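One structure is given below, encoded as structure tokens.
Residue numbers (the numbering used here), protein chains in the order written: chain A, 483 to 636; chain B, 148 to 252.
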């Protein structure tokens with residue numbers, strides 16, 4: 483997992499595997515997306531700290547695209563660079579591809595997909611008391627204007 | 148002071164918001180976009196090193212500071228060149244003043 487690009491591909495292949503099991507022809511689009519029929523269904527990001535890698539991502543299984551379109555302010559230029567005119571043209575949901583989605587079946591497919599992709603046994607776990615308490619501080623941090631506008635031009 | 152925004156699109160997009168001083172030195176710069184950098188702190192280190200730069204050499208040295216970082220989705224060499232060109236083509240405040248008062252033919 484030392485190669486960042488390769489690690490995105492390996493981890494996203496778990497999603498691809500899960501989607502294909504459900505009948506959606508997912509494909510990895512470098513750097514960090516998974517698409518179906520050329521439209522984005524999942525976006526991912528990684529952080530690396532102290533020898534650990536965390537990747538998180540979305541999977542739009544039954545997303546309300548009207549709300550997405552209202553919530554996201556995608557610059558026109560960015561959409562044009564992807565050859566589309568609107569967010570709706572750029573993305574797709576699993577429901578649009580295979581119809582109504584059974585969430586339990588989706589979760590099972592994801593578990594199987596990631597098990598295969600990572601050659602690892604996946605198990606359920608819950609946050610410890612200590613971890614739950616730590617989230618209180620994180621909520622305050624990530625809600626703060628200082629954090630939200632950290633990268634804004636001064 | 149002049150504020151300049153440069154947007155470059157590669158696989159991902161990068162935006163540079165630069166504040167230039169009277170002598171075309173970088174007073175402030177914010178590098179943002181949807182690209183990835185590992186370690187993430189490399190971008191803040193680059194911003195810090197770019198401050199006070201007013202030449203290609205200085206820009207190259209600043210980028211040299213993050214040469215060990217992995218940057219995905221953008222062409223870092225092209226980005227370096229764009230900033231260097233911006234400084235090379237930047238008219239200083241005194242030159243702009245001269246142009247303003249130059250007699251018209």
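No residue lacks a Cβ here, since even glycine has one placed at the ideal position from N, Cα and C.
All values derive from a computational prediction rather than experimental measurement.
Helix, strand or coil at residue i according to DSSP, with G and I counted as helix
| i | result |
| --- | --- |
| residue 555 of chain A | coil |
| residue 601 of chain A | coil |
| residue 329 of chain B | Only positions 148 to 252 of chain B appear in the structure, and residue 329 of chain B is not among them; the question remains open. |
| residue 160 of chain B | strand |
| residue 496 of chain A | helix |
| residue 634 of chain A | coil |
| residue 618 of chain A | helix |
| residue 184 of chain B | strand |
| residue 613 of chain A | helix |
| residue 594 of chain A | helix |
| residue 579 of chain A | helix |
| residue 574 of chain A | coil |
| residue 172 of chain B | coil |
Span separating the alpha-carbon of residue i from that of residue j
| i | j | result |
| --- | --- | --- |
| residue 202 of chain B | residue 163 of chain B | 17 Å |
| residue 197 of chain B | residue 577 of chain A | 47 Å |
| residue 237 of chain B | residue 151 of chain B | 11 Å |
| residue 611 of chain A | residue 619 of chain A | 14 Å |
| residue 625 of chain A | residue 631 of chain A | 10 Å |
| residue 579 of chain A | residue 549 of chain A | 19 Å |
| residue 569 of chain A | residue 170 of chain B | 42 Å |
| residue 628 of chain A | residue 509 of chain A | 37 Å |
| residue 639 of chain A | residue 172 of chain B | Residue 639 of chain A lies beyond the residue range present for chain A, which begins at 483 and ends at 636; the question has no answer from this structure. |
| residue 551 of chain A | residue 545 of chain A | 11 Å |
| residue 186 of chain B | residue 149 of chain B | 31 Å |
| residue 600 of chain A | residue 493 of chain A | 7 Å |
| residue 616 of chain A | residue 535 of chain A | 20 Å |
| residue 587 of chain A | residue 507 of chain A | 17 Å |
| residue 216 of chain B | residue 582 of chain A | 43 Å |
| residue 553 of chain A | residue 609 of chain A | 30 Å |
| residue 239 of chain B | residue 514 of chain A | 42 Å |
| residue 199 of chain B | residue 153 of chain B | 18 Å |
| residue 205 of chain B | residue 603 of chain A | 50 Å |
| residue 488 of chain A | residue 538 of chain A | 16 Å |
| residue 532 of chain A | residue 635 of chain A | 30 Å |
| residue 233 of chain B | residue 218 of chain B | 22 Å |
| residue 499 of chain A | residue 505 of chain A | 10 Å |
| residue 483 of chain A | residue 228 of chain B | 31 Å |
Beta-carbon proximity list for residue i, same chain, < 7 Å, skipping 5 on both sides
| i | result |
| --- | --- |
| residue 161 of chain B | 155, 178, 180, 182, 221 and 226 |
| residue 158 of chain B | 220 |
| residue 572 of chain A | 521, 522, 561, 564 and 566 |
| residue 209 of chain B | 193, 196, 197 and 200 |
| residue 556 of chain A | 569 |
Residue i at chain B interface by Cβ criterion, 8 Å
| i | result |
| --- | --- |
| residue 563 of chain A | yes |
| residue 529 of chain A | yes |
| residue 489 of chain A | no |
| residue 567 of chain A | no |
| residue 513 of chain A | yes |
| residue 613 of chain A | no |
| residue 571 of chain A | no |
| residue 552 of chain A | no |
| residue 628 of chain A | no |
| residue 492 of chain A | no |
Residue-chain proximity (residue i, chain A), Cβ-Cβ < 8 Å
| i | result |
| --- | --- |
| residue 198 of chain B | no |
| residue 214 of chain B | no |
| residue 183 of chain B | yes |
| residue 217 of chain B | yes |
Contact set for residue i: own chain, Cβ-Cβ below 6 Å, skip 5 residues either direction
| i | result |
| --- | --- |
| residue 607 of chain A | none |
| residue 174 of chain B | 166 and 168 |
| residue 503 of chain A | 591 |
| residue 495 of chain A | 599 |
Closer than 7 Å at the beta carbon, the chain D residues around residue i
| i | result |
| --- | --- |
| residue 164 of chain B | Given the protein chain composition of this structure (A and B), no chain D is represented. |
Sequence-distant residues of its chain with Cβ nearer than 8 Å to residue i (five each side left out)
| i | result |
| --- | --- |
| residue 519 of chain A | 507, 574 and 579 |
| residue 543 of chain A | 575, 576, 577, 583, 585 and 588 |
Subject >> Segments assigned alpha helix (DSSP H), at least 4 residues, entirely inside the region 518 to 571 of chain A >> reply: 547 to 553 and 558 to 563
Original post:
Unbroken alpha helix (DSSP H) runs of length 4 or more, entirely within the region 190 to 220 of chain B: which are they?
Top reply: 203 to 211
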